[in-house]
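Beneath this line is the structure, given in structure tokens, with notes to follow.
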Amino acid sequence: MTIAADFSEETSEDGAITLRFSGDLSIAAIGDLPERLRDSCGEAQWLDLSEVGYMDTVGAWLIYRTASNWNAEIQGGDDEANRLIHAIGNVAPASDVRPDPPNPIIRILTDVGEATTIAFTTLTGLVGFFGAIMLAAFRLMLHPGRIRWNAVIQRFDVVGVRALGIIGLMSFLIGLVIAQQGAVQLRQFGAEVFTVNLVGRLTMRELGVLMTAIMVAGRSGSAFAAQIGTMKLTEEIDAMRTIGVSPVEALVLPRFIAAVLMMPLLGFFASVVAIIGGGLLSWVELDIPPATFFSRIREVVPLTDVYVGLVKAPVFGAIIAVTGCYQGMQVKGNAEDVGKRTTAAVVQAIFLVIVLDAFFAVFFTWIGWN
Amino acid sequence: MIGEDPIQFDRHYEGPIICVKGLRNSFGTQVVHEGLDLEVRRGEIIGVVGGSGTGKSVLMRSIIGLQTPDEGDVKVFGQSLLGRSDAQTIEVRKRWGVLFQGGALFSTLTVAENVMVPIREFYPNMDRDFRREVAKYKVCLSGLPPDAAPKYPSELSGGMRKRAGIARALALDPDLLFLDEPTAGLDPIGAAGFDNLTRELQQTLGLTVFLITHDLDTLHAICDRVAVLADRQVIAVGTIEELLALDHPWIQQYFNGPRGRMASSGKQLA
Numbered sequence: 008m009t010i011a012a013d014f015s016e017e018t019s020e021d022g023a024i025t026l027r028f029s030g031d032l033s034i035a036a037i038g039d040l041p042e043r044l045r046d047s048c049g050e051a052q053w054l055d056l057s058e059v060g061y062m063d064t065v066g067a068w069l070i071y072r073t074a075s076n077w078n079a080e081i082q083g084g085d086d087e088a089n090r091l092i093h094a095i096g097n098v099a100p101a102s103d104v105r106p107d108p109p110n111p112i113i114r115i116l117t118d119v120g121e122a123t124t125i126a127f128t129t130l131t132g133l134v135g136f137f138g139a140i141m142l143a144a145f146r147l148m149l150h151p152g153r154i155r156w157n158a159v160i161q162r163f164d165v166v167g168v169r170a171l172g173i174i175g176l177m178s179f180l181i182g183l184v185i186a187q188q189g190a191v192q193l194r195q196f197g198a199e200v201f202t203v204n205l206v207g208r209l210t211m212r213e214l215g216v217l218m219t220a221i222m223v224a225g226r227s228g229s230a231f232a233a234q235i236g237t238m239k240l241t242e243e244i245d246a247m248r249t250i251g252v253s254p255v256e257a258l259v260l261p262r263f264i265a266a267v268l269m270m271p272l273l274g275f276f277a278s279v280v281a282i283i284g285g286g287l288l289s290w291v292e293l294d295i296p297p298a299t300f301f302s303r304i305r306e307v308v309p310l311t312d313v314y315v316g317l318v319k320a321p322v323f324g325a326i327i328a329v330t331g332c333y334q335g336m337q338v339k340g341n342a343e344d345v346g347k348r349t350t351a352a353v354v355q356a357i358f359l360v361i362v363l364d365a366f367f368a369v370f371f372t373w374i375g376w377n
Numbered sequence: 003m004i005g006e007d008p009i010q011f012d013r014h015y016e017g018p019i020i021c022v023k024g025l026r027n028s029f030g031t032q033v034v035h036e037g038l039d040l041e042v043r044r045g046e047i048i049g050v051v052g053g054s055g056t057g058k059s060v061l062m063r064s065i066i067g068l069q070t071p072d073e074g075d076v077k078v079f080g081q082s083l084l085g086r087s088d089a090q091t092i093e094v095r096k097r098w099g100v101l102f103q104g105g106a107l108f109s110t111l112t113v114a115e116n117v118m119v120p121i122r123e124f125y126p127n128m129d130r131d132f133r134r135e136v137a138k139y140k141v142c143l144s145g146l147p148p149d150a151a152p153k154y155p156s157e158l159s160g161g162m163r164k165r166a167g168i169a170r171a172l173a174l175d176p177d178l179l180f181l182d183e184p185t186a187g188l189d190p191i192g193a194a195g196f197d198n199l200t201r202e203l204q205q206t207l208g209l210t211v212f213l214i215t216h217d218l219d220t221l222h223a224i225c226d227r228v229a230v231l232a233d234r235q236v237i238a239v240g241t242i243e244e245l246l247a248l249d250h251p252w253i254q255q256y257f258n259g260p261r262g263r264m265a266s267s268g269k270q271l272a
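Sequence lines, in order, name chains A and B. One rule links them: number in my numbering = place in the first sequence (from 1) + 7. One rule links them: number in my numbering = place in the second sequence (from 1) + 2.
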């Protein structure tokens, strides 16, 4: 068992103070000894270790430091204790445990500056990366035999088919909620029947594709970044380059093609399921039978609404694939960076999708597709 | 019946520091260890060698409780650890330090803060300033320059990261140190420096060292005994001279291959 470390003061006739230590001077037994020592008499001339039991480097450090601070002599230690204290004395202790924090004003300015440059470099990087993908696509068109159909079709499965369940469920619930909220508001004017217009036009034009893009960004955009980022860490990408395989052709293009082709299908699917959800609620809540609901949908939703959705979807798919793959390719250093880059990929993809959606809204109104 | 009170650590225990008996480890259908026995004596540096996949790291993980073996008994400091909870083994676990292969430093903390983690965890009442002091000299005790303490692991070279890992392993002044391939990935100068550090620390602090290695130079330079893992067991334990006298093909190949002879001649020259 350990015996708690302690010390007592003795003053001899000539005024020299001796601190007599007892117990174990070890990490387990040292307790509040450092504090008490600091608050004690001050300068002692002798540190007596003859009653000390077991000593480890923590105790040795305390003794060594106290002795050198006070210019005190150590006496009475056994061989092992003296050897430890000697060994401790031979190392110069480190300066600090943390780097000095910078001036707060300078820190804020640096943070703002860094964030701005990162925003610009990311934007130019994304555009450049998109260009690289287009170049690779063009090269592949000249040599169609080099297209990796297996990889592309595997991505179709992962990005498209496997997303059907979650996107269907999400869209169904969104359709329900739009119809329900719309009915409550429109009932105030006795215009419940326009719930059909609301559900049909809103989902076809906007929400079907937008919500699908958000879901695909979260599901596949993050996966792209994490997969490619991990391959970057394990130097697989470098290995590919040295073998002569272009990582853009082998990794990025299949994902890009899959996202661009799957997004319109998923978006259209989402819109249809949302309309089914809205129809179900209208039937239950507003007593509009399904047959009437769907014939009304065909009357009130112009074909241009379907085109609007179908035009936007592949663009959104491209954004998701480009940000995901770009961030994956930017990974360097350690596993933590993969996490950071994955987050960045999803956040940037969703942000850019919503910004572009706003531009599309203005554009389609301008060309008269309203 | 095992009680819930923590088992006590006996400083004056004189028997074997580690005693493994009849250990069996398997992953699925693949049996890694079968009836493995090993004893590590107090104050020695024992090198554990074996081909890739012979379960050197698994053996270490079984001893320190990261892997629960299928069968067998593991005693450290004379205390059986298997089947006991973390709360019960805490006093024993305080007495060992582990250096993992990659260093396994916490990347969001500086080197000195990494050293402070085990101290804060096990001795939360220690005075904050004194804890910092302890961390700072531990960093230097492991042979790092003083200005390495406030640096983050990502700012250090591989060899420095290993030394920082040692500093953390030594934070609680352990009696037993586990090193998993400490010199892997270091240049010969760094590796020799690390060997010296291990030897020095072992002598000053009176450590027992359990050292997994592939490095023949390390084996020749600092190991008191070498345990050879093959055929799911420890097939031999002894000094290198004793092992060389054995007629096992793997041992002969290992120590008498071109690299083995080179390392041993290097030792004779030195």
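Every residue gets a Cβ at the ideal spot worked out from N, C-alpha and C, and that includes glycine.
Given a cut-off of 9 Å on the beta-carbon distance, is the pair residue i and residue j in contact?
i: residue 118 of chain B; j: residue 212 of chain B; result: no
i: residue 92 of chain B; j: residue 201 of chain B; result: no
i: residue 139 of chain B; j: residue 113 of chain B; result: no
i: residue 220 of chain A; j: residue 323 of chain A; result: yes
i: residue 253 of chain A; j: residue 214 of chain A; result: no
i: residue 22 of chain B; j: residue 40 of chain B; result: yes
i: residue 186 of chain A; j: residue 200 of chain A; result: no
i: residue 221 of chain B; j: residue 265 of chain B; result: yes
i: residue 175 of chain A; j: residue 301 of chain A; result: no
i: residue 270 of chain A; j: residue 218 of chain A; result: no
i: residue 169 of chain B; j: residue 146 of chain B; result: yes
Of all the options the options, which has the alpha carbon lying nearest to the alpha carbon of residue i?
i: residue 133 of chain A; options: A:81, A:15, A:371, A:337; result: A:337
i: residue 25 of chain A; options: A:53, A:362, A:189; result: A:53
i: residue 164 of chain A; options: A:181, A:176, A:223; result: A:223
i: residue 3 of chain A; options: A:203, A:177, A:364, A:142; result: Residue 3 of chain A lies beyond the stretch modelled for chain A, which goes from 8 to 377, so this question has no answer here.
i: residue 238 of chain A; options: A:55, A:127, A:341, A:31; result: A:341
i: residue 331 of chain A; options: A:66, A:353, A:68; result: A:353
i: residue 116 of chain B; options: B:164, B:85, B:69; result: B:164
i: residue 47 of chain A; options: A:60, A:59, A:27, A:36; result: A:27
i: residue 157 of chain A; options: A:346, A:18, A:114, A:264; result: A:264
i: residue 4 of chain A; options: A:122, A:107, A:291, A:247; result: Outside the displayed span of chain A (8 to 377) sits residue 4 of chain A, for which this structure offers no information.
i: residue 228 of chain B; options: B:10, B:188, B:82, B:242; result: B:242
i: residue 84 of chain B; options: B:181, B:188, B:26, B:194; result: B:26
i: residue 98 of chain A; options: B:33, B:148, B:102, B:106; result: B:148
i: residue 19 of chain A; options: A:41, A:59, A:51, A:42; result: A:51
i: residue 207 of chain B; options: A:356, A:94, A:344; result: A:94
If you follow the beta strand (DSSP E) that residue i is part of, which residue opens it and which one closes it?
i: residue 29 of chain B; result: 20-29
i: residue 28 of chain A; result: 24-32
i: residue 180 of chain B; result: 178-182
i: residue 227 of chain B; result: 227-232
i: residue 9 of chain B; result: Element bounds for residue 9 of chain B: n/a, residue is neither H nor E.
i: residue 238 of chain B; result: 235-240
i: residue 288 of chain A; result: Run containing residue 288 of chain A: none in the beta strand (DSSP E); it sits in the alpha helix (DSSP H), 260-293.
i: residue 82 of chain A; result: 80-82
i: residue 96 of chain B; result: That residue, residue 96 of chain B, is in no beta strand (DSSP E); it is neither H nor E in DSSP.
i: residue 35 of chain B; result: 32-42
Beta-carbon within less than 7 Å of residue i's beta-carbon, same chain only, minus the 5 sequence neighbours each way: which residues are those?
i: residue 237 of chain B; result: 230, 250
i: residue 58 of chain B; result: 50, 52, 214, 231
i: residue 36 of chain A; result: 9, 10, 11, 12, 30
i: residue 235 of chain A; result: 258, 332, 335, 336
Under 8 Å Cβ to Cβ from residue i, same chain only, skipping five residues before and after it: list those, please.
i: residue 3 of chain B; result: Summary for residue 3 of chain B: the model assigns pLDDT 43, below 50, so the residue's position carries little reliability; its value from the coordinates is reported in the next sentence. Closer than 8 Å at the Cβ level, and outside the excluded window around residue 3 of chain B, lies no residue.
i: residue 135 of chain A; result: none
i: residue 19 of chain B; result: 42, 43, 44, 78, 79, 177, 178, 210
i: residue 315 of chain A; result: 211, 212, 367, 371, 376
i: residue 7 of chain B; result: 90
Leaving out the 5 sequence neighbours to the left and right, which residues in its chain are closer than 6 Å to residue i when beta-carbon positions are compared?
i: residue 284 of chain A; result: 179, 182, 183
i: residue 120 of chain B; result: 173, 174
Can you tell me where the alpha helix (DSSP H) with residue i in it begins and where it stops?
i: residue 211 of chain A; result: From DSSP, residue 211 of chain A is part of no alpha helix (DSSP H); its letter is neither H nor E.
i: residue 50 of chain A; result: Taken as a continuous stretch (DSSP letters only), residue 50 of chain A belongs to no alpha helix (DSSP H), as it is neither H nor E.
i: residue 192 of chain A; result: 171-194
i: residue 254 of chain B; result: 251-258
> At a Cβ cut of 9 Å, what residues of the segment 114-130 of chain B count as close to chain A, listed as they run along the chain?
Replying inline: 114, 115, 117, 118, 121, 124, 125, 127, 128, 129
> Quick one, which residues of the segment 160-188 of chain B are near chain A if we go by CB-CB under 9 Å, in chain order?
Replying inline: 172, 173, 174, 175
>> Beta carbons nearer than 7 Å to chain B: which residues of the segment 92-122 of chain A have them?
In response: 94, 95, 98, 99, 100, 101, 102, 103, 104, 105, 106
> Going along the segment 53-66 of chain A in order, which residues come within less than 7 Å of chain B, judged by CB to CB distance?
Replying inline: 61, 63, 64, 65
> Relative to chain B, which residues along the segment 330-350 of chain A have a C-beta separation below 8 Å, given in chain order?
Replying inline: 340, 341, 343: these are the residues of the segment 330-350 of chain A whose beta carbon lies less than 8 Å from some beta carbon of chain B, given in chain order.
> Any residues in the segment 11-42 of chain A with a beta carbon nearer than 8 Å to a beta carbon of chain B? Which ones, in chain order?
Replying inline: 33, 34, 35, 37, 38, 39, 41, 42
> Taking Cβ-Cβ distances below 7 Å as the criterion, which residues of the segment 246-259 of chain B are in contact with chain A?
Replying inline: Per Cβ criterion, the list is empty.
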